[in-house]
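Note that numbering that gives the first Met the number 0 numbers the sequence shown so that position 95 is 94, with each residue one more than the last.
Positions of the beta carbon are idealized from the N, C-alpha and C atoms, including for glycine.
Notes for the one structure printed next.
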Amino acid sequence: MKKIWIAGTLIFLLTLFLPSIKVLSISVRTDLSEKVYSRRAQKNGWSIGYTHSVNKGRIYDYYRATKDGCLELYKTEFVSYGAGIPEADETPGAVFSVEQDFYSISSLERKLKTLVMAVGVVAEHSIVIDGNELFLKNLYAPMTSLVFQIKKTSLFDYIITKKIP
0 MKKIWIAGTL IFLLTLFLPS IKVLSISVRT DLSEKVYSRR AQKNGWSIGY
50 THSVNKGRIY DYYRATKDGC LELYKTEFVS YGAGIPEADE TPGAVFSVEQ
100 DFYSISSLER KLKTLVMAVG VVAEHSIVID GNELFLKNLY APMTSLVFQI
150 KKTSLFDYII TKKIP
């Protein structure tokens, strides 16, 4: 009976503390323990929205998790060109299209291990998950440097960490 109890306890502890849940993790760069998780973003993809500093148009960069745990920028949408907006011919295979209310460049396939960005004062940075837009200034102070990455975390860490709904 004692062996069964020990085996059960060991299985329970491994289940609780072994990293097994894939999430999008957004951490404060100077304090990686200050973070939020999103499983929906990791599964369904997400976009980062911001206001362009010159043309004041809204831009959305679309990301998804890859099987190897990277972030992939696969599409960008914008309302007009300005400094820093990519040209479709900068990336082999990228496709430029004109939609009714915006321009789009798709098939970008840019892989990143991490995305580092600062919460803008004027840019109104947001994260959009399943159509729900959340402004990052509501989670972090302006000018906070953030690290976006796909992580495996334990059930325990997932339970105690703040989540993006």
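Which of the three DSSP states is assigned to E168 in this structure? The structure shown has nothing for residue 168, since the chain only spans 0 to 164.
CB of I163 within 8 Å of CB of I128, strictly: yes
Residue range of the beta strand (DSSP E) that includes F95: For F95, the enclosing beta strand (DSSP E) stretches over residues V94 to V97.
Quick check on L107: buried or exposed, where buried means 16 or more other Cβ atoms within 10 Å of its Cβ? buried
How about V120 and M142: do their beta carbons lie closer than 8 Å? yes
Beta-carbon gap between G56 and F77 smaller than 8 Å: yes
Between G68 and K21, what straight-line distance do the alpha-carbon atoms span, to the nearest angstrom? Approximately 9 Å, taken between the alpha carbons.
Among residues of its own chain, excluding the 5 on either side of S79, which ones have a beta-carbon nearer than 7 Å to its beta-carbon? N54 and G56
Local conformation of L145 per DSSP, three classes: strand
Rounding to the nearest angstrom, what Cα-Cα distance links F155 and I3 in this structure? 23 Å
Just to confirm before moving on: does the CB-CB distance between Y59 and L72 stay below 8 Å? Going by C-beta atoms, Y59 is not nearer than 8 Å to L72.
Pick out whichever of L114, T50 and E98 has its Cα sitting closest to the Cα of G83. Considering only alpha carbons, the answer is T50.
Have a look at the DSSP bridge pairing and note the partners of E132. V127
Give the range of the alpha helix (DSSP H) segment to which Y157 is assigned. L154 to I159
What residues match up with W45 in a beta bridge as DSSP calls it? Y62
D88, DSSP secondary structure in three states: helix
Cβ separation of L23 and S37, assumed to be a contact under 8 Å, to the nearest whole Å: 5 Å
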